[in-house]
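As structure tokens, the structure follows; a few thoughts come after it.
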Amino acid sequence: MNIQALLSEKVSQAMIACGAPADCEPMVRQSAKVQFGDYQANGMMAVAKKLGQQPRQLAEQVLQRLDLEGIAEKIEIAGPGFINIFLDKQWLAQQIDATLHAPRLGVASVEPQTIVIDYSAPNVAKEMHVGHLRSTIIGDAAARTQEFLGHRVIRANHVGDWGTQFGMLIAFLEKQQNENHADIALADLEAFYREAKKTYDEDPDFAERARGYVVKLQGGDEYCRVMWKKLVDITMTHNQKVYDRLNVTLTRKDVMGESLYNDMLPGIVADLKAKGLAVESEGATVVFLDEFKNKEGEPMGVIIQKKDGGYLYTTTDIACAKYRYQHLHANRVLYYIDSRQHQHLMQAWTIVRKAGYVPDSVPLEHHMFGMMLGKDGRPFKTRAGGTIKLIDLLDEAVDRATRLIAEKNPDMPSEELHKLANIVGIGAVKYADLSKSRTTDYIFDWDNMLAFEGNTAPYMQYAYTRVLSIFRKAGIDENTLTGSVVLAEEREAALAARLLQFDETITQVAREGTPHVMCAYLYDLAGLFSGFYEHCPILSAQDDTTRQSRLKLALLTAKTLKQGLDTLGIETVERM
Ligand code: ARG
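Following full-length UniProt numbering, the numbering of the sequence shown begins with 1 at its first residue and continues without gaps.
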């Protein structure tokens, strides 16, 4: 049930009957305050202006034609011409009953689209860092959300697995193998990369060999391919452990690294030249874009092929967008990449559009995010100033959660403690990220994210178990609830109305790629449930009808919390 969509439809019909154009915007929104009802239609002002009418007058006419029989118990005009809609309690009650029995919590089915989601994208022979953590967590929530709505999601892990550094990496892997007569575990990717670079800088023979390997690898040489693949495999095996621990849905088959587009690059450059978009400039091949100005105020030149013949990150992203449209048949492509790469993407896509590789009807969306900062407001680093390894971060989260839970439950068996600490600790790290508006930087703070109060994973996970415990304590099977929902108390009606807004919430999250909207909704829902639970006795309700009805509200709350957290990739437990 999408109440906003239903009311929008009704209000726009009434507006059209009053002479508004067929595409008029009723602007139906959830009301910010209870005295304004459940929903407000704010579109009268703009439309009245177009029609040359007084907004209030238009609102009055619309009101006469607005048929919300059985849906609203009161409709009134407020201020300059807002229409406040108060939903009918009996109608809300019926919708709760219907939603309880509907598949997917009554969320309307969508026209399925193919949505490609570019996320995580770590680099080969390097540790994933905190920037990749944000991309991984937020991108995965987006993938889960779109899939829940019924879209076909293609996860594209744009791994940095190509480039001139591979000559050096292959040469170093070879050196290590020769010295140790065994495959190294590449346990410490950072150290491996650092050592490789050092050897490259200090040993001219090594550097010579490395340069040779770059050329050979690009020419498809078998030995170099095998060595390259080994580097990719080791890195991705390592990263897969991080994904699994994070309860992220990415697998090896989602890897679509930069190397995938390598064969397309010469064709792209030739085509852009043929189309007159790319020109030779000082030996390199460059696309000059009027849309972007350089410091001198002249059209900015974007290099797509270097003087030495090498291609660039931008060239790959041009090919990649083309591939996603032409081969994957994407209807929409979402990129979860940090905001510092915004200009890079805009340039690549401007070229993509000009070349006609992806039509305007297929959106390419940069769902950017800010940086993860330490408590001091500076980029998140170890005390020594190094990058924080993700795996260490996750270990610390679980350690901290273990201590917290053990303190509260000294008698918990160790196996249960271990399992719970994982779910709470990892959940806390993920939820802390997901609950903040992604476009801004955010402060990583252990104490906040592990608090059992506030908009945190432990609070939400605990809220869920609290609802379930009502059923467990009384030994009630949720499948045996009878009778219809009755909403006699304001708190019951408020909870019911909010429960029915799950559809609107998830639709918004899917449209904007903003998981924090889901977090805010669930947090609000948990708060409304608490108020309801305190003031409206459930098990000791005065009569069985009320008791059954309240149990149904509790049941739908539990289901909604679980489903909502699930779309975010946050696990729940039955008790904690
Ligand atoms: N590997 C890149 C990095 O670590 C991110 C790639 C993002 N995706 C893309 N299509 N450019 O910065």
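Even glycine gets a Cβ: it sits at the ideal position worked out from N, Cα and C.
- In this structure, G483 and S549 form a Cβ contact; the two beta carbons are roughly 7 Å apart against a cut-off of 8 Å.
- Look at H238: its beta carbon is at least 7 Å from all of the heavy atoms in the ligand ARG.
- It is roughly 14 Å from the alpha-carbon of V242 to the alpha-carbon of V124.
- Each of A20, V34, Q64, K33 was checked against the Cα of G43, and the nearest Cα belongs to A20.
- Secondary-structure assignment with DSSP links S281 through a beta bridge to A284.
- D441 is the residue among D441, E490, K552, Q94 whose C-alpha sits nearest the C-alpha of G370.
- Sequence-distant Cβ neighbours of P55 in its own chain, meaning closer than 6 Å and more than five residues away, are M44, M45, A48, P80, G81.
- Beta-bridge analysis with DSSP links R29 to Q40.
- Around the C-beta of P26, 16 or more other C-beta atoms lie within 10 Å, and the residue is accordingly described as buried.
- The continuous alpha helix (DSSP H) containing I3 extends over residues 3-17.
- By the neighbour-count criterion, in which a residue is buried when 16 or more other Cβ atoms sit within 10 angstroms of its Cβ, K322 is buried.
- Counting only residues of its own chain and dropping the five nearest sequence neighbours on each side, H342 has a CB closer than 7 Å to the CB of H366, M368.
- Around the Cβ of Y459, a 10 Å sphere holds 16 or more other Cβ atoms; the residue is buried.
- T439 and E453 have their alpha carbons spaced roughly 25 Å apart.
- Using a Cβ-Cβ distance cut-off of 8 Å, the segment 259-266 and the segment 310-321 are in contact, since at least three pairs of beta carbons, one from each stretch, lie closer than that value.
- Look at M460 here: in three-state DSSP terms it is helix.
- For M300, the enclosing beta strand (DSSP E) covers residues 299-305.
- Looking at the backbone, the Cα of S361 and that of K306 are separated by about 32 Å.
- By the 16-neighbour rule on beta-carbons within 10 angstroms, D392 is exposed.
- For K419, the enclosing alpha helix (DSSP H) begins and ends at 414-434.
- R155 carries a strand assignment under DSSP once its states are collapsed to helix, strand and coil.
- Annotation: the continuous alpha helix (DSSP H) that includes L173 extends over 165-180.
- Close CB contacts of G427 within its chain, under the 7 Å cut and outside five residues either way in sequence, are with A457, Q461, I570, E571 (chain order).
- With a cutoff of 8 Å on beta-carbon distance, C24 and Q61 are scored as not near each other.
- Distance from the CA of M15 to the CA of L58, rounded to the nearest whole angstrom, comes to 8 Å.
- Relative to the ligand ARG, the beta carbon of I337 is positioned inside 7 Å of a heavy atom.
- A Cβ-Cβ separation of about 10 Å leaves L87 out of contact with I75 under the 8 Å criterion.
- Taking non-hydrogen atoms of the ligand ARG into account, the C-beta of H158 is found less than 7 Å away from one of them.
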